[in-house]
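Visitor:
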Amino acid sequence: MKIIILGAGQVGGTLAENLAGEENDITIVDANADRLRDLQNKLDIRIIQGKASFPAVLRQAGCEDADMIIAVTNSDEVNMVACQVAHALFNTPSKIARVRSAAYLSRKGLFRTERGFDIDVLISPEQVVTNHIRRLIEYPGALQVLDFAGGLVQLVAVKAHRGGPLVGQQLSALRQHIPNVDTRVAAIYRQNQALLPKGSTVIEEEDEVFFIAARKDIRTVMSEMRKVDHSYKRIVIAGGGNIGERLAESLEKEYQVKLIEYSQARCVELAEKLERTVVLNGTATDKTLLQEESIDHVDIFCAVTNDDEVNIMSSMLAKRMGAGKVMTLINNAAYVDLVQGGEVDIAFSPQLATIGSLLTHVRRGQVKNVHSLRRGAAEAIEAVAIGDEKSSKIVGKSLEQINLPEGVTIGALVRGKEVLIAHGDLVIQSEDQVILFLVDKRKIREVEQLFAVGITFI
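Residues 8 to 465 in the working numbering are what the sequence shown lists, from first letter to last.
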């Protein structure tokens, strides 16, 4: 595909890195020459310096014959106008824009209407991150929770702890422990090295285990890997920006939520918008404020300000003062691995969370669902089997008959509303939704080639 990426920031650069290695023709546009040179030194891409919404710049980038334009600059307005220019002047087939401001997103008439901006897909990083945090709170102890098939199936990552019934035992014992629950361990990461699990694989303490199961069975399987964490009740959010506001609004009806915001004017605004959330004026790095709010009785401390340093320091302080679990937003994705695992329980990057949403619409063959895992090193994808035994390489075959690329596993199928966990004798039928785990995302092309005839991604 010929793809033009507007914006060479964290999201644009990471996306270019993902797509350039998959035999795509990538051009990236940005006003910052230094950023562009840095990317070109690392990647086989074309660069154009200039303002992304200018017609002359888009023409120079090759918009006339591009398959797709992805606008991820730091300006909502530039992203929206660039997509409209690409539509009106160059008739670009597919247009994706990152739009952050709720003032735009709440006005549905602005997009895909005769009088609105012609944008095919809107990506809201704030909403993606809010959903990500919300799922982690729903499943205490999880490191990552991903939905497939409309939420019927979930892929969950947990860290195995001493005291978990399966820790120190072979995976084959899992069926004996929970005979009425069907699940599959898709991958295990031990000291950051991927292991493809077998029945004889022994779960060790501190292993990061990815398993897939029907939504209703997730908590039961989690209890095999670690002692069950108690349900959360009290939550403190540091940062009253777009993410903090959306997160508080999402949680306040079910949890006791307090939100700390530095700007007094913003506090007044939040207090008027939020119904049950207690809004506090101050800084989350203020030890006295945290003491006054009984931080040692808080189940979750979630730092989502725009300042990485404030997020990291406030999280570490809250943890040392007795907060049950701390979650930290890190804008610089390179710092996520450095921060997570010590006093910070979970660190996440809005850029990496957004990449999966973008890849869903970029993958060849119209992949239905994509999730980026392990800070972008691995992927989970969802596709739909199409065809019959004559036209398809997989329909009518059992899973053990399918020659998957190394490091790729099928975790589950969804047939109608029925969840079928992957076992060797399970036969794929037409219209099955297939969920695959790729330990190495570079195998995506081999997967697509394997499924080229028999699977149409929707």
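Just so it is clear, CB atoms sit at the ideal spot from N, CA and C, and this is done for glycine as well.
All values reported here derive from a predicted model rather than from experimental measurement.
In chain order, which continuous runs of the beta strand (DSSP E) of length 3 or greater are located wholly inside the segment 46-104?
Guide: 53-56 and 75-78
Visitor: Give me, in chain order, the residues of the same chain whose beta-carbon lies closer than 6 Å to that of isoleucine 76; leave out the 5 immediate sequence neighbours on both sides.
Guide: Within the same chain, isoleucine 76 has close Cβ partners Ile11, Ala93, Thr99 and Lys102.
Visitor: In angstroms, rounded to a whole number, what distance separates the CA positions of glutamine 195 and serine 257?
Guide: Note that residue 195 is isoleucine in the sequence shown, not glutamine. Take the alpha-carbon of isoleucine 195 and the one of serine 257: they are about 32 Å apart.
Visitor: Residues in the same chain with beta-carbon distance under 7 Å from glutamate 231, minus the five sequence neighbours each way, listed in chain order, please.
Guide: Correct list, in chain order: Gly171, Pro172, Leu173, Leu181, His184 and Ile185.
Visitor: Which residue from Ala73, Val275, Val18 and Ile302 puts its Cα closest to that of threonine 292?
Guide: Ile302
Visitor: Report the residue from Asp447, Leu411 and Ala220 whose alpha carbon sits nearest the alpha carbon of alanine 419.
Guide: The candidate whose alpha carbon is nearest that of alanine 419 is Ala220.
Visitor: Where does asparagine 376 fall in DSSP's three states?
Guide: strand
Visitor: Among Pro204, Val333, Ile435 and Val426, which one has its Cα closest to the Cα of isoleucine 144?
Guide: Val333
Visitor: Quick check: what's the CA-CA separation for isoleucine 465 versus valine 106?
Guide: Its pLDDT being 43, under 50, isoleucine 465 is placed unreliably by the model, and the measurement read from it follows with that caveat. Rounded to whole angstroms, isoleucine 465 to valine 106 spans 24 Å at the Cα level.
Visitor: Extract the residue ranges of the beta strand (DSSP E) inside the segment 103-148, only unbroken runs of 3 or more that lie entirely within it.
Guide: 128-130
Visitor: Give me the DSSP bridge partner(s) of arginine 191.
Guide: Listed as beta-bridge partners of arginine 191 by DSSP are Ile219.
Visitor: Identify whether threonine 284 lies in helix, strand or coil by the three-state DSSP scheme.
Guide: Assignment of threonine 284 by DSSP, reduced to helix, strand and coil, places it in the coil class.
Visitor: Taking Cβ positions, are valine 346 and alanine 330 nearer each other than 8 Å?
Guide: no
Visitor: DSSP state of valine 434, grouped into three classes?
Guide: strand
Visitor: My output table needs one value for lysine 9: the three-state DSSP class, helix, strand or coil.
Guide: strand
Visitor: Determine the extent of the beta strand (DSSP E) in which threonine 295 is found, giving its start and end residues.
Guide: Element bounds for threonine 295: not the beta strand (DSSP E) but the alpha helix (DSSP H), 294-299.
Visitor: Can the beta-carbon of glutamate 30 be found less than 8 Å from the beta-carbon of arginine 452?
Guide: yes
Visitor: For valine 415, write down the residues that DSSP places opposite it in a beta bridge.
Guide: Leu445
Visitor: Unbroken alpha helix (DSSP H) runs of length 4 or more, entirely within the segment 317-348: which are they?
Guide: 343-346
Visitor: Measure the C-alpha to C-alpha separation of isoleucine 401 and alanine 201 and round it to an integer number of angstroms.
Guide: 26 Å
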